[in-house]
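**Q** There's a structure below that I have some questions on.
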DNA sequence: ATGGGCATGTAAGCGGTTACATGATTAT
DNA sequence: ATAATCATGTAACCGCTTACATGCCCAT
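Protein chains in written order, with the numbering used here: chain A, 104 to 289; chain B, 104 to 289.
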């Protein structure tokens, strides 16, 4: 349930109703996420309430339909952290890069755990990259098709970009935590 | 029907049975395409036969199950070229980059049309990029969250990578066709 | 004998998109 | 008048993944 966890992440900041959640997610079109559909949002909220992750409070309004204000429960908060800190080392599809979805909420996780996740992601991406680089040699030798050759090249570039980006993020996170330790030791 | 068009692309080279198509696609894990599932492949072949895009010939084998050999029909070839050369300028989701799926089969298209498609893709990506760059400024000013900032940065890097890669491909395609014109004029 | 490769499929369920359905308020 | 914004949902369909189901051949 991927949409559900994104919604939990939004509700971590404050209770909200469906339409507000939609607007908030539409305002950050960064990780290739288009605006959330009604047909996905409202059923997800209903399911999450059934699961006990959120509670609904109907707020009557003078004008136009009532707002349904959703709040996180303790179970919902637990689910959110399980998802955010969970181990993906054995996850399939190394090219999917789920990390981006969690990245938007990593501020809720302590830097130590973030560093663990970053190290794991970097290793996954690096493995994928070496595989592709080996494959690129074979393709170039066997296949005279410019387009297929460039397709493999695209894959390699993407993986390199991910690795470099992850390493930069890693550097920034450690740099923002180390000074604290240094200050403590001073 | 996206899987169907990939299958049509494979059948453009030679008739094949399901298992062979699967193996061929699994051997090129470039554009983020994992191996094709049985649960997707076989129903797709059945649908395509119903659509009249392919015909089935059962090839009995002494050992183990019969192969079902599929051949493109004229309608199937037509559908393939419509898909490959079709106009995506008004397509939604500029971050989806469907171009990669077609890229694997662009050798079947004449270079003139390829150049048109490349120019259109470059414009789409560039537009998306300028939008993100404007957005990045706003985020940096408003939001003190390192992770959200880096998320926008990731989006920008991806779009830049796509633009650069498309332009390199464009250069290679024009360089491979221009010499022909030059030779003609000589 | 165990597992992997060859070869075909079906079924259940999740995720996502599009379209349908309603209705008030507010801005142009 | 018309469109956009606010606000909630449902229904149909498509795509994809996972697991189920079968069975032979070959190598270790």
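No residue lacks a Cβ here, since even glycine has one placed at the ideal position from N, Cα and C.
Quick caveat, the model's predicted, so the values are computed rather than measured.
Using the beta-carbon of each residue, which ones in chain A are nearer than 9 Å to residue 253 (chain B)?
**A** The residue given as residue 253 (chain B) occupies position 150 in the second chain. Within 9 Å Cβ-Cβ: 206, 268, 271, 272 and 275.
**Q** When the Cβ atoms of the segment 148 to 165 of chain A are set against those of the segment 190 to 200 of chain A, are three or more pairs found closer than 8 Å?
**A** With the cut-off at 8 Å, the segment 148 to 165 of chain A and the segment 190 to 200 of chain A do not touch.
**Q** With the cut-off set at 8 Å, would you say residue 112 (chain A) and residue 183 (chain A) are in Cβ contact?
**A** Taking the first chain and counting its residues from 1, the one referred to as residue 112 (chain A) is at position 9. Taking the first chain and counting its residues from 1, the one referred to as residue 183 (chain A) is at position 80. Yes, Cβ-Cβ distance for residue 112 (chain A) and residue 183 (chain A) is below 8 Å.
**Q** On the DSSP bridge assignment, give the partners of residue 217 (chain B) in chain order.
**A** Counted from its first residue, the second chain places residue 217 (chain B) at position 114. Paired residues: none, contrary to the question.
**Q** Report the option in A:114, A:272, A:250 and A:278 whose CA atom is closest to the CA atom of residue 181 (chain A).
**A** Within the first chain, residue 181 (chain A) is the residue found at index 78, counting from 1. Comparing Cα-Cα distances from residue 181 (chain A) to each of A:114, A:272, A:250 and A:278, the minimum goes to A:114.
**Q** In whole angstroms, what separates the C-alpha of residue 247 (chain B) from that of residue 138 (chain B)?
**A** Here residue 247 (chain B) refers to the residue found at position 144 of the second chain. Here residue 138 (chain B) refers to the residue found at position 35 of the second chain. One C-alpha to the other measures close to 41 Å.
**Q** Out of B:241, B:249, B:196 and B:224, point me to the one whose CA is closest to residue 271 (chain B)'s CA.
**A** Position 168 of the second chain, counted from the start, is the residue given in the question as residue 271 (chain B). That would be B:224, whose Cα lies nearest to the Cα of residue 271 (chain B).
**Q** Give me the residue from B:244, B:221, B:234 and B:141 with the minimum Cα distance to residue 269 (chain B).
**A** What you label residue 269 (chain B) is simply residue 166 of the second chain in a count that begins at 1. Of B:244, B:221, B:234 and B:141, the residue nearest in Cα terms is B:221.
**Q** Is the segment 272 to 281 of chain A touching the segment 235 to 255 of chain A in the sense that three or more CB pairs, one from each, lie closer than 8 Å?
**A** Counting Cβ pairs under 8 Å, fewer than three are found: no touch.
**Q** Cα-Cα, which of B:125, B:173 and B:164 is closest to residue 153 (chain B)?
**A** Position 50 of the second chain, counting from 1, holds the residue named residue 153 (chain B). The residue with the shortest Cα to Cα distance from residue 153 (chain B) is B:173.
**Q** State the beta-bridge partners of residue 261 (chain B) as determined by DSSP.
**A** Residue 261 (chain B) sits at position 158 when you count from the first residue of the second chain. Residue 261 (chain B) is not bridged to any residue.
**Q** Does DSSP put residue 174 (chain B) in a helix, a strand or coil?
**A** Position 71 of the second chain, counted from the first residue, corresponds to residue 174 (chain B). Of the three classes helix, strand and coil, the one that applies to residue 174 (chain B) here is strand, per DSSP.
**Q** Out of curiosity, what's the CA-to-CA distance linking residue 203 (chain B) and residue 162 (chain A)?
**A** On the second chain, position 100 is the one that residue 203 (chain B) refers to. On the first chain, position 59 is the one that residue 162 (chain A) refers to. Cα-Cα distance, rounded: 47 Å.
**Q** Can you tell me whether residue 160 (chain B) is helix, strand or coil according to DSSP?
**A** Along the second chain, one-based indexing puts residue 160 (chain B) at 57. Three-state DSSP puts residue 160 (chain B) in a strand.
**Q** Helix, strand or coil: which one does DSSP assign to residue 117 (chain A)?
**A** Along the first chain, read from residue 1 onward, the residue named residue 117 (chain A) stands at position 14. DSSP places residue 117 (chain A) in coil when its eight states are reduced to three.
**Q** Residue 211 (chain A) by DSSP, collapsed to three states: which one?
**A** Residue 211 (chain A) sits at position 108 when you count from the first residue of the first chain. In this structure, residue 211 (chain A) counts as helix in the three-state DSSP scheme.
**Q** Taking just the CA atoms, how far does residue 258 (chain B) sit from residue 262 (chain A)?
**A** As a first step, residue 262 (chain A) must be located in the first chain, where it is residue number 159. As a first step, residue 258 (chain B) must be located in the second chain, where it is residue number 155. One C-alpha to the other measures close to 14 Å.
**Q** Just the chain A side, please: which residues come within less than 9 Å of residue 229 (chain B) by C-beta, in chain order?
**A** Along the second chain, read from residue 1 onward, the residue named residue 229 (chain B) stands at position 126. The contacting residues do not exist; residue 229 (chain B) stays about 16 Å from chain A at best.
**Q** I'd like to know if residue 248 (chain A) contacts chain B, where contact means its C-beta is closer than 8 Å to some C-beta of that chain.
**A** Along the first chain, read from residue 1 onward, the residue named residue 248 (chain A) stands at position 145. Taking Cβ atoms only, chain B reaches closer than 8 Å to residue 248 (chain A), which makes this a yes.
**Q** For my contact list, residue 90 (chain A) and residue 125 (chain A) are in at a C-beta cut-off of 8 Å; report their separation, rounded to the angstrom.
**A** Nothing about residue 90 (chain A) can be reported from this structure: the residues present for chain A run from 104 to 289 only.
**Q** In chain order, what residues of the same chain lie with their CB nearer than 6 Å to the CB of residue 227 (chain B), ignoring the 5 residues before and after it?
**A** Reading the second chain from its first residue, position 124 is the one you call residue 227 (chain B). For residue 227 (chain B), where only same-chain residues beyond five positions count, the Cβ hits under 6 Å are 197.
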